[in-house]
Amino acid sequence: MPPAGARRSSASRSSSAQREDHACFDLAEPVPGPTTDALGRVARETRAVVIASLFERRAGA
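Residue numbers (the working numbering): 8 to 68.
Here you go:
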């Protein structure tokens with residue numbers, strides 16, 4: 008059981024990368040971008056390796 012407050016892993020959901028579902032396009036993020044910047048900052052501050060997955064925005068979109 009995940010710790011209290013932990014978010015459910017996206018691995019347990021249907022992956023938007025496996026299909027082209029236009030409803031998921033609003034979830035896409037630029038890479039590099041705010042999320043990767045925040046993850047990098049946390050990794051540097053804690054001297055930890057962060058493994059993450061996100062839906063990358065298509066170039067030009």
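Glycine included, C-beta positions come from ideal geometry on N, C-alpha and C.
Values in this document were obtained by computation on a predicted structure and should not be read as measured data.
Exercise. Give the straight-line distance between the Cα atoms of aspartate 88 and glutamate 63, rounded to the nearest whole angstrom.
Key: The chain is shown from 8 up to 68; residue 88 falls before or after that span and cannot be answered.
Quiz item: How is glutamate 52 classed by DSSP in three states: helix, strand or coil?
Solution: helix
Practice problem: Find the nearest neighbour of leucine 61 within the set His29, Asp28, Gly40 and Ala30, judged by alpha-carbon distance. | Solution: Gly40
Quiz prompt | Residue(s) in a DSSP beta bridge with arginine 63 | solution = Contrary to the premise, residue 63 reads as glutamate rather than arginine in this sequence. Answer is Glu36.
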